[in-house]
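Residue numbers (my numbering), protein chains in the order written: chain A, 1 to 221; chain B, 222 to 455.
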Amino acid sequence: MQDPRIRLVTTILLSAAAWISLPGAFLAVLWWLICGKARTSIRTIRSFFIILIVPGVMGLAAVWSGKDGLSYVVRIMAVLIIASWMYAERYPGELLDVGVWFLGTKTGFDLGLIGELSMSSLDTLARETDRISIALRQKGTSLSPRIIPAVFSGILIRQLNLAQERAILLTLRGYTRGGMHCPSFSSPGIDRINGAFSCTIFILSLIAGDFFNIAGSTFIV
Amino acid sequence: MNTPLIRLTGVIRKKGAFTLKADAEFGTGIHLLTGRVGSGKTTLGELLAGIGEPDSGTIRWNGGRRVMLLQDTSYHISTMTVQEEAGSWHGDAERIIRTAGLTGKEHTDLLRLSRGEVRRLELAAILTGQYDLIVLDEPWAGLDEEARRWVRQLIDSHAHEIIVIISHDLTSLPHIDQLWEMECGRLKRLGQVPACLSEWTLAPPLVRYLQLKGVQLSGLSREELEEAVCRIPG
């Protein structure tokens, strides 16, 4: 999906659809398989299961307390799949484009810039994790809780240094608030059709989840 | 050239619009891989170190395959103190600390060391370890002159292994056996140093100046360059 505006709205609608009801979660995954071409930023099954650890524990806790934990895990999985699709589809600068298009060159620019810096930090974090994993393997050190403080403090310090360098760069370039940016978008017809499908899924999920009756209490079906 | 240990045949690695192509043999000795920023030096170093596979072609080894890659950031750090870190390399911790010049700082928190000291600890652990191939990507980054000299001396004492130095900083080199150049993703073997130096098209300004002055270079190490500068006629 080339148009980041449609992608953002689609992500919000599909995530909401997946969260509201189980049928919505299945339809969101179906949308991802067909319209999203099953693109994902989760590169290995192992990574997927690592991401699922926290929701899995939450799901177990829900089951333990007599709630429908399985439904929670399935719905959160669908939300994660949609998020990973969005992350895989994005291109550098799109949050700035969307921010300025939506909220203008002051607030929109600032929000877009924050988004871009955050995304860039996530990229750096992913790259660092890969590099550390390789370095430790070559060194003959296995991943264990014992090495977490040292590894994470290294990552944290490098992230802080990066943030400081960026802050200095922005200051040197005279940034105080807002900025000039002229976004341009490519919006092919297929993006609009896929976006329309996501709207339909959201509405179907609302109906299937009996949203209007249970709004204000719980969304779990 | 000595019996090759690593042979790259028709290696192609693509990264977006960038394509790396390499056919090469790396034998025992110290190799310098140089080239412009973004020419593919680090990508080749990663392939040699087994990080990622080529899209086509083969990388064959004639022997052991204990590889170590030193990257520009200290990614190997996995403990909190000098003593623990030296011990985590499965070698002689005392020797590593002594080689790094950190005796007396065994219980110092690694976060309190300077970047140069952490680099020295990492390099000491790598160069005192048992590896068949050591790839050093910009080993002088962030080091002062004294630390650079220390790294040169340490590398010089390891000519019995395959050491590939990736650097575009050519002012602090140890003795170099083989010179390689990466140009727009193409790996070129320039040959044995110093014989190949006259054909080095992307030679750094100092080397070009010395050649222009008719000074015969005996090598690329700091000491060899200083000695050559002293022989400038007039």
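By construction, the Cβ of each residue, glycine as well, lies at the ideal position given by its N, Cα and C atoms.
Predicted model, so just to flag it, every value in this text is computed and none were measured.
What residues from chain B crowd round residue i, counting only those whose CB sits closer than 8 Å?
i        : result
Arg158/A : Thr294
Report buried or exposed for residue i, applying the criterion of at least 16 other Cβ atoms within 10 angstroms of its Cβ.
i        : result
Leu400/B : buried
Arg429/B : exposed
Met222/B : Residue placement at Met222/B cannot be trusted, given a pLDDT of 46 that sits under 50; the coordinates are not used to answer.
Cys451/B : exposed
Thr171/A : exposed
His311/B : exposed
Asp97/A  : buried
Tyr352/B : buried
Cys35/A  : buried
Lys434/B : exposed
Leu33/A  : exposed
Val54/A  : exposed
Gln138/A : buried
Arg234/B : buried
Arg39/A  : exposed
Val385/B : buried
Ser299/B : buried
Phe219/A : Summary for Phe219/A: the model assigns pLDDT 48, below 50, so the residue's position carries little reliability, and this model does not support an answer.
Phe49/A  : exposed
Pro505/B : The requested residue 505/B does not occur in the structure, where chain B is confined to residues 222 to 455.
Asp330/B : exposed
Thr10/A  : buried
Ala346/B : buried
Trp64/A  : exposed
Glu402/B : buried
His252/B : buried
Asp3/A   : buried
Thr349/B : buried
Starting from residue i, trace the beta strand (DSSP E) in both directions and tell me its first and last residue.
i        : result
Arg407/B : 407-413
Phe247/B : 239-248
Thr279/B : 277-282
Gln399/B : 399-404
Leu170/A : Here Leu170/A belongs to no beta strand (DSSP E); instead the alpha helix (DSSP H) covers 148-172.
Leu323/B : Element bounds for Leu323/B: n/a, residue is neither H nor E.
Ile356/B : The question names Ile, yet the displayed sequence has Val at residue 356/B. Per DSSP, Val356/B belongs to the beta strand (DSSP E) from 354-358.
Ile383/B : 383-387
What first and last residue would you give for the alpha helix (DSSP H) that runs through residue i?
i        : result
Glu538/B : Since the first residue shown for chain B is 222 and the last is 455, residue 538/B is missing from the structure and cannot be characterised.
Leu8/A   : 4-20
Met58/A  : 53-64
Val428/B : 426-433
Leu291/B : Run containing Leu291/B: none in the alpha helix (DSSP H); it sits in the beta strand (DSSP E), 288-291.
Ile110/A : Residue 110/A is actually Asp in this sequence, not Ile. Note, Asp110/A: alpha helix (DSSP H), 109-139.
Val98/A  : 94-103
Leu206/A : 189-208
Val372/B : 366-377
Glu267/B : 262-269
Leu348/B : 336-348
Ser419/B : Where Ser419/B is concerned, there is no enclosing alpha helix (DSSP H), given that its DSSP letter is neither H nor E.
Val303/B : 303-308
Val74/A  : 69-89
Residue i touches chain A at which residues, Cβ-Cβ below 7 Å?
i        : result
Ile272/B : Ile134
Met289/B : Gln138
Just the chain A side, please: which residues come within less than 8 Å of residue i by C-beta, in chain order?
i        : result
Leu460/B : No statement about residue 460/B is possible, as the shown extent of chain B runs from 222 to 455 and does not include it.
Find the residues of chain B that neighbour residue i, judging by a C-beta separation of less than 7 Å, and give them in chain order.
i        : result
Thr141/A : Ser299, Ser309
Pro149/A : Met301
Note down, in chain order, every chain B residue with its Cβ under 9 Å from the Cβ of residue i.
i        : result
Ala163/A : Chain B residues near Ala163/A: none, gap ~16 Å exceeds 9 Å.
### Message
If contact is defined by three or more beta carbon pairs under 8 Å, each pair taking one atom from either stretch, is the region 371-384 of chain B in contact with the region 230-239 of chain B?
### Response
no
### Query
When you check each C-beta in the region 113-137 of chain A against every C-beta of chain B, which residues fall closer than 7 Å?
Considering only beta carbons, the part of the region 113-137 of chain A lying closer than 7 Å to chain B consists of Arg131, Ile132, Ile134, Ala135, Leu136, in chain order.
### Task
Determine which residues of the region 292-326 of chain B have a Cβ less than 9 Å from any Cβ of chain A, and write them out in chain order.
Gln292, Thr294, Ser295, Tyr296, His297, Ile298, Ser299, Thr300, Met301, Glu305, Glu306, Ser309, Trp310, His311
### Message
For the region 23-33 of chain A against the region 202-209 of chain A, do three or more pairs of beta-carbon atoms, one drawn from each stretch, fall closer than 8 Å, so that the two count as touching?
### Response
yes
### Message
Pairs of beta-carbons, one from the region 280-295 of chain B and one from the region 416-430 of chain B, closer than 8 Å: are there three or more?
### Response
no
### Message
Three or more C-beta pairs under 8 Å: does that hold for the region 67-81 of chain A against the region 144-163 of chain A?
### Response
no
### Message
Residues of the region 86-110 of chain A in Cβ contact with chain B at a cutoff of 9 Å, in chain order, please.
### Response
Flagged: no residues at all.
### Message
Can you confirm whether the region 300-309 of chain B touches the region 337-353 of chain B when touching is taken to mean that 3 or more C-beta pairs between the two stretches lie within less than 8 Å?
### Response
yes
### Message
Tell me whether the region 312-328 of chain B and the region 257-272 of chain B touch, counting them as touching only if at least three CB pairs, one residue from each stretch, are closer than 8 Å.
### Response
Cβ pair count under 8 Å is below three, so no.
### Task
Say whether the region 75-87 of chain A touches the region 166-184 of chain A, bearing in mind that this needs 3 or more beta-carbon pairs closer than 8 Å, one atom from each stretch.
Because the criterion of three Cβ pairs below 8 Å is not met, the region 75-87 of chain A and the region 166-184 of chain A do not touch.
### Query
Three or more C-beta pairs closer than 8 Å, one from the region 291-299 of chain B and one from the region 354-373 of chain B: is that the case here?
yes
### Message
Is it the case that the region 179-194 of chain A contacts the region 99-107 of chain A, given that we only count it when at least three CB pairs across the two stretches are under 8 Å?
### Response
By the Cβ criterion, the region 99-107 of chain A is in contact with the region 179-194 of chain A, since at least three pairs of Cβ atoms, one from each stretch, lie closer than 8 Å.
### Query
Any chance the region 261-273 of chain B sits against the region 109-116 of chain A, with 3 or more Cβ pairs inside 8 Å?
no
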